[in-house]
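Novice:
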Amino acid sequence: MFTTASTTSDKLLQMVAAILLFAAIIGLILFIASRFTGKSDRAVAALYLAPVVVMLSVGLLYPGLRTVYQSFLDASLQNFVGFDNYQRIIEDPEQRLVLRNTFFWVLVTPFAATGIGLLYAILVDKARGEAFAKALIFLPMSISGVAATVIWKFMYEYRPDQSNIKQIGVINQIIVLFGGKPQQLLIDSPLNTFLLIAIMIWIQAGFAMTVLSAAIKAIPDDIVEAARLDGVTPWGMFRFVTVPAIRPALVVVLTTIAIGTLKVFDIVQTMTGGRFDTSVIANEFYSQAIRTGDRGFGAALAVVLFVLVIPIVVYNIRQLRRSEA
Amino acid sequence: MFVQRGSSRSRVAIAGALSMGLVFGLSACGDSKDEEPGTGATSLAAIDCTPYKAFGDLTGKEVSIYTGIVTPEDTPHKESYKPFEQCTGVTVKYEGDKAFETQILVRAEANNAPDVAFVPQPGLLQRLVQTGKVKEAPAEVAANVDKFWGADWKEYGSVGGKFYAAPLGASVKSLVWFSPKEFKDSGYAEPKTLADLKALTDKMVADGKKPWCAGINSGEATGWPLTDWMEDFMLRLSGPETYDKWLKHEIPFNGPEATKALDAVGEYLKNDKYVNGGYGDVKSIASTTFQDGGLPILEGQCSLHRQASFYAANFPKTAKVGPDGDVFAFYLPGETADSAPVLGGGEFVAAFADRPEVKAFQTYLSSDTWANVKAKVSAGWVTANKGLDPANLQNPVDKLSAEILLNPKATFRFDASDLMPAAVGQNTFWKQTTAWLTGQDTKTTLDKIEASWPK
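As given, the protein sequences belong to chains X and D, one line each in that order. Positions 1 to 325 (full-length UniProt numbering) are the ones given, in order, by the first sequence. Positions 1 to 455 (full-length UniProt numbering) are the ones given, in order, by the second sequence.
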């Protein structure tokens, strides 16, 4: 019954039940913990950690290990096929294209989004109407990727080059205004991939700007003043004062966006569905595992995605530790 | 009111006669429908309840349906169950979900399957049967299907020689939409052979027109209208036997027959003289959504659009669909005038439970009674059920589709991409034909699809 709520009242009931269940479990843990108080800190710590450990193992560790195992199986998960799925990812021209596109995404998005965010943060810093200017660029962050993509469809939309038909896409209208011919922007590879990347940059620049702006504001005034007294140029201020001071924040922003970009799915799925050579790993994983039903191959793609994310996460944590030390 | 009450009484009388076992009851029923063309609750209520009595007392029982048929098409479905509900006291619980095709597999595997599911692809039915959760069709349903459908339809509902799912609705894909007014004004005739079609197209080009329009953009399913085009030509140029071998992979996907079919499609769709009326060059087919594909016909910018019967719903309400209206369809002809190959699709009723009320409901859906009840309450719906009286259908395209489907000379074949393994039919076939349209050559396209066929 609980999985098939169809009416609103059913769903609300489910929600209330879930909240009550959660409260009951927390209450139980707190109750047991109160029995232990003063006896052993370790026991109390273990008790508080237990739910987290259980949830991580059930929700993350087990599915993760199972996915790795499935990546060595065939489409219906019946037979063991060794490294065939991985071999296919590397050798199949279609899959290479997917890897190439993912590479473009990860290479361009973090740097472009961070660069734009940083530039914007410096430009609006202490300017008049700073809060409003920041809100403007932060807005895209607050809508879902699917909604953002639907908005951008009206940037790229194409209507034929005929006298009685008006362009409804912004870019094509601009092209037509300047006397050009409307272009089918989403058909030609690899241009279309970069047009999709632009959407991600539009979304992520606001995130970069917010974090970096906070970091810039946290630079101690005495450092800035000392640099001014030494007669530093604006570029020198940026290069030798601002950037080194906000380096940890920069790394966090870059890596966070890179991880988000590696997993990009909604933009590609909504805009092209991966057609016209725009597929990326996460989209291909969905297409293979869910639509095609090749679950082994889908699992292998998921594992590849996971493996690609690891170095970025490791770098992220190392930088964090170094900045704390 | 009096007339309706009277008719209701006469129907009860007919039903009573039937339950006494009169063999000609069915035809009598058909006659009474001719006398009383009015639809509405009274005419729906009067069906023969006898076939469902055998399942015992079902009062208060419930049957759940899960399907991809959502609003607005779900309303006529629910309407059409009412006579059954009144006969048996069973409540039918209807659940429509756009994500049906992926969710039904998840639900079947999670032991959370509905009683009945309307499966739109035989390929998906196979995958469902492989989960071991689908029940074989009851004997009553099998008897109905033997009586009212061709053997080919029964075969599509069978997996591994066992019959599981009775056909429900059908759609005809071998249709070409056109403007009756334009045809009349310009003196064009509906083509009777493929050569006629080509000649007609050339004549339109000579008249300064871009005859064909098309659109294949459909999100992650982009490309599917192209697979329909290719299948239609495969069926016409190489015949149904070769078509069957091709979709079962008994002959390679990239053989000479397939090459011929795709090249024949290319003569139309990759020909800048023929396409893309109202939209631009060949490539604009890729960026035009399939919903928009045929709309230029209404504006006189395009003359021909090959698309299934369900495309009728995409024309604006202001456009009149019919032989004397703004837009109508003709049958995409065969190679010769006396061959009638039909490409189409349909749904199948798979059951995950074998309780008596579920069996009774399956029996109802596979009967001619239901087909006629459904026809009366819906527009844009047709079935290959031979018990259907085409006079009950509501709109001209449905009537045309029914004529094509029920034509004794017709050779019906199911949309091949729905029967192929999902890796091909739901993925590379769409993807590669899209790449083909935007420039990839025929050989590379077919070779890549062949390579993706699961070993």
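C-beta atoms are modelled at their ideal positions from N, C-alpha and C, and glycine is treated no differently.
Thinking TYR279 of chain D and PRO211 of chain D are a contact (beta carbons under 8 Å), I'd like their distance in whole angstroms, please.
Specialist: In the second sequence, counting from the first residue as 1, residue 279 of chain D sits at position 279. In the second sequence, counting from the first residue as 1, residue 211 of chain D sits at position 211. Their Cβ separation, rounded to whole angstroms, is 13 Å, which puts TYR279 of chain D and PRO211 of chain D out of contact at 8 Å.
Novice: Given that a residue counts as buried once 16 or more other Cβ atoms are within 10 Å of its Cβ, and exposed if not, what is ASP115 of chain D?
Specialist: Residue numbering aside, residue 115 of chain D sits at position 115 when the second sequence is read from its first letter. Burial call: buried.
Novice: So, using beta-carbon positions, are THR369 of chain D and ILE69 of chain D closer together than 8 Å?
Specialist: Counted from its first residue, the second sequence places residue 369 of chain D at position 369. Counted from its first residue, the second sequence places residue 69 of chain D at position 69. Their beta carbons are not under 8 Å apart, which means THR369 of chain D does not touch ILE69 of chain D by this criterion.
Novice: Under 8 Å between the Cβ atoms of LEU99 of chain X and GLY296 of chain X?
Specialist: By one-based count along the first sequence, residue 99 of chain X stands at place 99. By one-based count along the first sequence, residue 296 of chain X stands at place 296. Contact: no.
Novice: Using only alpha-carbon positions, find the residue among D:ALA221, D:GLY293 and D:LYS270 that is nearest to THR272 of chain X.
Specialist: Mapped onto the first sequence, residue 272 of chain X falls at position 272. When the alpha-carbon of THR272 of chain X is set against those of D:ALA221, D:GLY293 and D:LYS270, the nearest one is in D:ALA221.
Novice: Verify whether the separation of the beta carbon atoms of ILE267 of chain X and LEU191 of chain X is less than 8 Å.
Specialist: Position 267 of the first sequence, counted from the start, is the residue given in the question as residue 267 of chain X. Position 191 of the first sequence, counted from the start, is the residue given in the question as residue 191 of chain X. No. Outside cutoff.
Novice: Please confirm whether TRP149 of chain D and ALA384 of chain D have their CB atoms less than 8 Å apart.
Specialist: Here residue 149 of chain D is taken as the residue at index 149 of the second sequence, counted from 1. Here residue 384 of chain D is taken as the residue at index 384 of the second sequence, counted from 1. Yes.
Novice: Could you check if SER367 of chain D is buried or exposed, using at least 16 other CB atoms within 10 Å of its CB as the buried criterion?
Specialist: In the second sequence, the residue the question calls residue 367 of chain D occupies position 367. Classification of SER367 of chain D: buried, given that the 10 Å Cβ count is 16 or more.
Novice: Report all residues from its chain with a CB closer than 6 Å to the CB of ALA337 of chain D; omit the five preceding and five following residues, and keep chain order.
Specialist: One-based indexing of the second sequence puts residue 337 of chain D at position 337. Cβ neighbours of ALA337 of chain D beyond the five flanking positions: LYS192 and THR193.
Novice: Measuring only the C-alpha atoms, how far is PHE285 of chain X from THR444 of chain D?
Specialist: The residue labelled residue 285 of chain X in the question sits at position 285 within the first sequence. The residue labelled residue 444 of chain D in the question sits at position 444 within the second sequence. Computed Cα separation, rounded: 24 Å.
Novice: Per DSSP, what are the beta-bridge partners of THR67 of chain D in this structure?
Specialist: By one-based count along the second sequence, residue 67 of chain D stands at place 67. According to DSSP, which records beta bridges pairwise, THR67 of chain D is partnered with D:GLY96 and D:PHE118.
Novice: Please classify GLY277 of chain D: is it buried, with 16 or more other beta-carbons within 10 angstroms of its beta-carbon, or exposed?
Specialist: Sequence index remark: in the second sequence, residue 277 of chain D carries index 277 (1-based). By the Cβ-count criterion, GLY277 of chain D is buried, with 16 or more other Cβ atoms from all chains shown falling within 10 Å of its own Cβ.
Novice: Throw me the rounded Cβ distance for the LEU446 of chain D and ASN254 of chain D pair, which I believe falls under 8 Å.
Specialist: Within the second sequence, residue 446 of chain D is the residue found at index 446, counting from 1. Within the second sequence, residue 254 of chain D is the residue found at index 254, counting from 1. Confirmed, about 4 Å.
Novice: When the distance is taken between beta carbons, is THR227 of chain D closer than 8 Å to PHE429 of chain D?
Specialist: To locate residue 429 of chain D, count along the second sequence from 1; it is residue 429. To locate residue 227 of chain D, count along the second sequence from 1; it is residue 227. Going by C-beta atoms, PHE429 of chain D is nearer than 8 Å to THR227 of chain D.
Novice: So ASP415 of chain D and GLU231 of chain D are in contact, right, with Cβ under 8 Å, and what is the actual spacing, rounded?
Specialist: In the second sequence, the residue the question calls residue 415 of chain D occupies position 415. In the second sequence, the residue the question calls residue 231 of chain D occupies position 231. About 6 Å separates the two Cβ atoms, so the contact holds.
Novice: Using beta-carbon positions only, say whether LYS154 of chain D and VAL141 of chain D come within less than 8 Å of one another.
Specialist: Numbered from its first residue, the second sequence carries residue 154 of chain D at position 154. Numbered from its first residue, the second sequence carries residue 141 of chain D at position 141. For LYS154 of chain D and VAL141 of chain D, no; Cβs fall outside 8 Å.
Novice: Can you give me the start and stop residues for the alpha helix (DSSP H) that PRO225 of chain D sits inside?
Specialist: By one-based count along the second sequence, residue 225 of chain D stands at place 225. Run containing PRO225 of chain D: 224 to 247, per the alpha helix (DSSP H) assignment.
Novice: For a cutoff of 8 Å on Cβ pairs, would you count GLY236 of chain X as touching chain D?
Specialist: In the first sequence, counting from the first residue as 1, residue 236 of chain X sits at position 236. No, its Cβ sits nowhere closer than 8 Å to a Cβ of chain D.
Novice: For a test of the three-state rule: what should DSSP assign to GLY115 of chain X, helix, strand or coil?
Specialist: In the first sequence, counting from the first residue as 1, residue 115 of chain X sits at position 115. Of the three classes helix, strand and coil, the one that applies to GLY115 of chain X here is helix, per DSSP.
Novice: Rounded to whole angstroms, what is the Cα-Cα separation between ILE32 of chain X and PRO311 of chain X?
Specialist: As a position in the first sequence, residue 32 of chain X is number 32, starting the count at 1. As a position in the first sequence, residue 311 of chain X is number 311, starting the count at 1. Going from the Cα of ILE32 of chain X to the Cα of PRO311 of chain X covers about 40 Å.
Novice: Ends of the alpha helix (DSSP H) at SER186 of chain D?
Specialist: Position 186 of the second sequence holds residue 186 of chain D. Its alpha helix (DSSP H) spans residues 180 to 186.
Novice: Considering only residues of the same chain and omitting the five flanking positions on each side of THR438 of chain D, which have a CB-CB separation below 7 Å?
Specialist: Sequence index remark: in the second sequence, residue 438 of chain D carries index 438 (1-based). Closer than 7 Å at Cβ, skipping near neighbours: LYS283 and ALA286.
Novice: Ignore the nearest five residues each way along the sequence and tell me which others in GLY40 of chain D's own chain have a CB closer than 7 Å to its CB.
Specialist: Within the second sequence, the letter at position 40 stands for residue 40 of chain D. Because the pLDDT at GLY40 of chain D is just 41, under 50, the model does not fix this residue reliably, and the point stays unresolved.
Novice: For ARG275 of chain X, does the three-state DSSP call read helix, strand or coil?
Specialist: Counted from its first residue, the first sequence places residue 275 of chain X at position 275. Three-state result, ARG275 of chain X: coil.
Novice: Near ILE165 of chain X, which residues of its chain fall below 8 Å by C-beta distance, leaving aside the five closest residues on each side in sequence?
Specialist: Against the first sequence, residue 165 of chain X aligns to sequence position 165. Non-local beta-carbon contacts of ILE165 of chain X in its own chain, meaning distances under 8 Å to residues more than five positions away in sequence, involve ARG159 in chain order.
Novice: Show which residues of chain D have a CB atom less than 7 Å away from the CB atom of GLY115 of chain X.
Specialist: Position 115 of the first sequence, counting from 1, holds the residue named residue 115 of chain X. Correct list: empty, because the minimum Cβ distance to chain D is about 31 Å.
Novice: So is ALA75 of chain X in contact with chain D if we call contact Cβ pairs under 8 Å?
Specialist: As a first step, residue 75 of chain X must be located in the first sequence, where it is residue number 75. Residue-level contact check: ALA75 of chain X touches chain D, since one or more beta carbons of chain D fall below 8 Å from its beta carbon.
Novice: Report buried or exposed for residue 463 of chain D, applying the criterion of at least 16 other Cβ atoms within 10 angstroms of its Cβ.
Specialist: Only positions 1 to 455 of chain D appear in the structure, and residue 463 of chain D is not among them; the question remains open.
Novice: Can you tell me whether DSSP reads LEU60 of chain X as helix, strand or coil?
Specialist: Stepping through the first sequence from its first residue, residue 60 of chain X is reached at position 60. Helix, per DSSP.
Novice: How close, in whole Å, do the beta carbons of PRO240 of chain D and PRO323 of chain D come, if the pair is a contact with beta carbons under 8 Å?
Specialist: Position 240 of the second sequence, counted from the start, is the residue given in the question as residue 240 of chain D. Position 323 of the second sequence, counted from the start, is the residue given in the question as residue 323 of chain D. Incorrect: roughly 29 Å between the Cβ atoms, too far for contact.
Novice: Is ARG127 of chain D close to chain X? Criterion is C-beta to C-beta, closer than 8 Å.
Specialist: Locating residue 127 of chain D in the second sequence gives position 127, where the first residue counts as 1. With 8 Å as the cut-off, ARG127 of chain D counts as an interface residue toward chain X.
Novice: What are the start and end residues of the alpha helix (DSSP H) that includes VAL265 of chain D?
Specialist: Working through the second sequence from its first residue, we reach residue 265 of chain D at position 265. 256 to 269 is the span of the alpha helix (DSSP H), which, as asked, contains VAL265 of chain D.
Novice: Tell me whether ASP277 of chain X, by its Cβ, gets closer than 7 Å to a heavy atom of the ligand MN.
Specialist: By its list of ligands, the structure shown contains no ligand whatsoever, and the ligand MN lies outside what it can speak to.
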